[in-house]
Amino acid sequence: MHQTLTTPTSSAPVWRTLPWPVLALLGLIAVAISVTGSWIPSLWGDEAASIMSAQRDWGSLWAMLGTVDAVHGLYYAFLHLWIDIFGASPFSVRLPSALAVGGAAILLARLATLLAGRGVGVVAALLFATVPRVTYYGTETRAYAFTMLLVIWLLLVLVRLVARREPRVLPWLGFAVLFALSSVVFIYTVLFVVVFAVIVIAMRPGLSIVLRAALWSALGAILAVPVVIYAYLEREQVAFLHSRDGLTMSALFETPWFSQQLPALIGWALIVIGLVLAVVAWLLRRSSGVRARALRDLYRPEDAALPGVLTVALPWLVVPSVLLALGTTVTPLYSPRYLAFTAPAIALLMAVGLVALTRLLRARWLVPILVIAVVWGSLPTYLGQRTPYPRNGGVDWNTLSETVAEHARPGDSIIFDQTAINAKKPRLAKYLYPEAFAGLKDVGLKTRFDDTDGLWDRAYSTAETVQRLDGAETVWLVRAGERFSTDQAKSDAYVTELERAGYEQTESFELHRSILVRFELTR
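All letters in the sequence shown, in the order written, are residues 1 to 523 by UniProt numbering.
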């Protein structure tokens with residue numbers, strides 16, 4: 001479906017788009033790629049925060065958001081409603097992210113087609129769906145996939161409003177509300193105020209439109225101020241999440257989008273090719289040769305009111321990355337995962353490089369071959385993401401829960417190790433896989449998480465926990481660790497206290513990253 005408009009530079013320009021069946025197919029492909037095998041990896045600490053928060057009643061959730069995770073409040077509220085309808089199985093809680101990736105692929109295809117043509121639109125959507133970090137976020141119970149979708153939507157709306165020289169208030173108000181919503185879903189989206197400014201100024205729409213875009217962008221940011229304030233007040237809760245290894249080359253150029261070296265090399269090679277050929281197209285802008293004309297057409301949209309594809313993609317990628325990197329020299333801000341909303345820009349730049357190369361070679365038949373080659377380079381990473389233990393150092397709460405379900409009996413007591421950091425404490429397994437722990441007595445539990453204003457349970461000390469066994473015949477001890485040697489057992493506080501209370505170790509199961517030990521009362 002073609003849409004026409006009148007601009008100062010063209011009387012009846014045509015905006016390029018893709019047929020809806022093609023867009024729908026691209027979206028379905030993206031969903032299928034993300035959702036396949038999504039139920040296999042163990043749920044882990046960040047997902048525990050999402051799922052447990054979403055399972056609180058509304059009063060408890062509101063109290064928690066006043067002390068921690070206010071920046072995730074909207075996503076937790078959505079997930080609460082989703083779980084009420086579809087349950088909290090690994091497949092169910094991860095499905096919304098896969099659907100968001102599908103929606104993002106559709107919007108990216110539309111944006112890329114508008115700026116650079118149908119070929120780039122299709123290729124960008126396909127590459128986006130297979131970027132390693134996108135296939136990761138598409139199987140995670142967090143809001144990052146939604147952030148990508150919202151940012152693409154924002155940029156598509158902004159480009160169209162500015163290109164139309166839109167004078168009406170209502171469309172700009174919608175843009176401001178969408179910007180505020182995006183910033184509430186993920187607070188660092190407010191950084192796009194700078195991205196918007198770069199894009200709008202580069203489009204040269206006239207002073208009145210520049211001022212209008214600035215005004216409504218500022219309004220959107222202001223509407224998100226309450227969440228910004230909460231984020232600042234709660235900043236110490238997440239300060240540990242910034243890049244632990246510093247601003248290394250890997251943290252800056254590999255981890256945020258590609259996870260591993262091979263996909264990173266392929267991706268950056270395509271991006272560099274696209275940028276080099278953009279320079280070539282600029283140098284040959286007056287040439288009438290077929291190759292030169294094909295390159296110029298790629299980087300310059302048919303409608304002169306629209307920006308070139310690099311005018312959008314480069315600020316989108318560079319500005320948030322640079323601002324977070326610079327900011328983290330003052331206070332912890334930078335984490336590779338926080339750049340999720342730039343993953344579509346990476347895919348768009350890769351698509352531009354790939355298509356530009358085939359046009360230069362006058363070999364468009366190479367496009368599907370090169371797309372397959374790029375996807376093939378990311379395949380090992382994709383398959384690794386869909387193994388049982390790919391996250392958080394190999395957390396294995398899926399296997400732990402299966403082992404508990406197989407060997408423990410209703411009425412047995414269970415003690416969870418409290419020495420690990422909060423996001424790795426094995427007690428979280430009982431909330432993520434509750435069926436396996438049904439009927440067991442968690443003697444170390446002091447206060448359930450949903451009776452606190454924090455994220456996690458409060459537990460008794462080791463000595464208090466053992467005292468609370470009250471003569472239980474069988475006790476299961478769950479430890480976070482890879483081995484449980486004789487020497488470790490002798491020095492372990494839990495083992496020491498259990499032996500003092502008359503318990504003897506009778507069986508142990510050393511799992512991938514957890515240890516399950518059975519103790520029986522001997523006196």
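Even glycine gets a Cβ: it sits at the ideal position worked out from N, Cα and C.
Assuming residue i and residue j form a contact by the criterion Cβ under 8 Å, report the distance between their Cβ atoms to the nearest whole angstrom.
i	j	result
phenylalanine 341	methionine 64	About 25 Å; that fails the 8 Å criterion.
tryptophan 172	leucine 107	19 Å between Cβ atoms; not a contact.
alanine 124	leucine 370	Contact flag wrong, Cβ pair sits at about 13 Å.
serine 461	lysine 441	Not a contact, Cβ separation roughly 17 Å.
proline 132	glutamine 260	7 Å
alanine 54	isoleucine 83	5 Å
threonine 146	alanine 100	In the sequence under discussion, the amino acid at residue 146 is phenylalanine, which differs from the threonine named in the question. Sure, about 5 Å apart at Cβ, within 8 Å.
leucine 323	valine 194	7 Å
valine 475	phenylalanine 437	Wrong, their Cβ atoms sit about 14 Å apart, outside the cutoff.
threonine 130	serine 378	5 Å
isoleucine 415	valine 478	7 Å
leucine 178	valine 157	6 Å
proline 344	isoleucine 199	14 Å between Cβ atoms; not a contact.
leucine 306	valine 159	7 Å
tryptophan 15	leucine 114	6 Å
valine 495	serine 508	Actually they are not in contact, since the Cβ atoms of valine 495 and serine 508 sit about 11 Å apart, beyond 8 Å.
Grab the span of the beta strand (DSSP E) containing residue i for me, first residue to last.
i	result
residue 548	Outside the shown range of the chain (1 to 523) lies residue 548, about which nothing can therefore be said.
threonine 248	Counting along the chain, threonine 248 falls outside any beta strand (DSSP E), and DSSP gives it neither H nor E.
threonine 403	That residue, threonine 403, is in no beta strand (DSSP E); its alpha helix (DSSP H) goes 397-407.
leucine 107	Taken as a continuous stretch (DSSP letters only), leucine 107 belongs to no beta strand (DSSP E), being part of the alpha helix (DSSP H) at 90-116.
leucine 158	Run containing leucine 158: none in the beta strand (DSSP E); it sits in the alpha helix (DSSP H), 144-163.
If you follow the alpha helix (DSSP H) that residue i is in, where does it begin and where does it stop?
i	result
isoleucine 421	Here isoleucine 421 belongs to no alpha helix (DSSP H), and DSSP marks it neither H nor E.
arginine 479	Arginine 479 -> not in any alpha helix (DSSP H); beta strand (DSSP E) instead, spanning 474-480.
threonine 139	Note, threonine 139: premise wrong, no alpha helix (DSSP H); not H, not E.
leucine 323	309-327
glutamate 47	45-54
histidine 72	First-last for histidine 72: undefined, no H or E at that position.
tryptophan 257	Run containing tryptophan 257: none; DSSP gives neither H nor E here.
valine 184	169-185
tryptophan 58	58-65
arginine 359	343-360
tyrosine 431	429-432
glycine 220	207-223
alanine 202	192-203
isoleucine 33	20-35
Would you say residue i faces chain B, with C-beta separation under 9 Å as the test?
i	result
proline 90	Here chain B cannot be found, since the structure has a single protein chain.
By DSSP's criteria, residue i is part of a beta bridge. Which residues make up the other side?
i	result
serine 508	Val517
alanine 459	Leu445
tyrosine 503	Leu521
isoleucine 372	Looking at the DSSP assignment, isoleucine 372 forms no beta bridge with any residue, so it has no partner.
isoleucine 415	Leu477
Between residue i and the rest of its own chain, which residues show a CB-CB distance below 7 Å, the 5 nearest in sequence each way excluded?
i	result
valine 355	Gly119, Val120, Val123, Leu298, Val367
isoleucine 271	Leu349, Met350, Gly353
proline 205	Val162, Arg165
glycine 66	Asp453
leucine 469	Ser413, Val443, Val475, Ala501
alanine 493	Thr462
tryptophan 44	Arg391, Asn392, Val395
glutamate 497	Thr462, Ala463, Val466
alanine 278	Tyr299, Leu310
Using C-beta distances below 6 Å, list every residue in its chain close to residue i, excluding the 5 sequence neighbours before and after it, in chain order.
i	result
arginine 94	Ser38, Thr139, Thr141
residue 581	It is not possible to answer for residue 581, since the shown part of the chain is limited to 1 through 523.
alanine 112	Val120, Gly121, Ala124, Leu348
leucine 241	Interpretation of leucine 241 is limited by its pLDDT of 48, a score under 50 that renders its predicted location unreliable; the figure taken from the coordinates is listed afterwards. Excluding residues within five positions, the ones whose Cβ falls inside 6 Å are Ser335.
alanine 176	Trp216, Leu219, Gly220
methionine 102	One point to set straight first is that residue 102 is glycine, not methionine, in the sequence displayed. Closer than 6 Å at the Cβ level, and outside the excluded window around glycine 102, lie Gly27, Ala30, Val31.
phenylalanine 258	Pro132, Ala264, Gly267
methionine 1	Confidence in methionine 1 is poor, its pLDDT being 39 and thus under 50, which makes the residue's placement unreliable; the coordinate value appears in the next sentence. The answer is none, since no qualifying residue turns up.
phenylalanine 519	Val475, Leu498, Tyr503, Gln505
serine 243	Below a pLDDT of 50, predicted positions are generally treated as unreliable, and serine 243, at 49, falls in that range; the measurement from the model is reported next regardless. Here the set comprises Ala251, Tyr334, Ser335.
Might you give, ordered along the chain, the residues of its own chain that have their beta carbon closer than 8 Å to the beta carbon of residue i, omitting 5 neighbours on each side?
i	result
valine 419	One point to set straight first is that residue 419 is threonine, not valine, in the sequence displayed. Same-chain partners within the cutoff: Ala480.
alanine 48	Ala423, Leu428, Tyr431, Leu432
aspartate 57	Asp450
arginine 513	Tyr389, Gly393, Gly394, Val395, Asp396, Ala480, Gly481, Glu482
arginine 523	Gly502
leucine 511	Asp396, Thr399, Leu400, Thr403
alanine 459	Phe416, Gln418, Arg427, Gly444, Leu445, Lys446, Thr465
glycine 185	Before going on, a small fix: residue 185 reads as valine here, not glycine. Closer than 8 Å at the Cβ level, and outside the excluded window around valine 185, lie Leu74, Tyr75, Ala143, Phe146, Thr147, Leu150.
valine 318	none
serine 10	Here the model assigns serine 10 a pLDDT of 40, short of 50, so the residue's position is not dependable, and the following value carries that caveat. Closer than 8 Å at Cβ, skipping near neighbours: Asp303, Ala304, Ala305.
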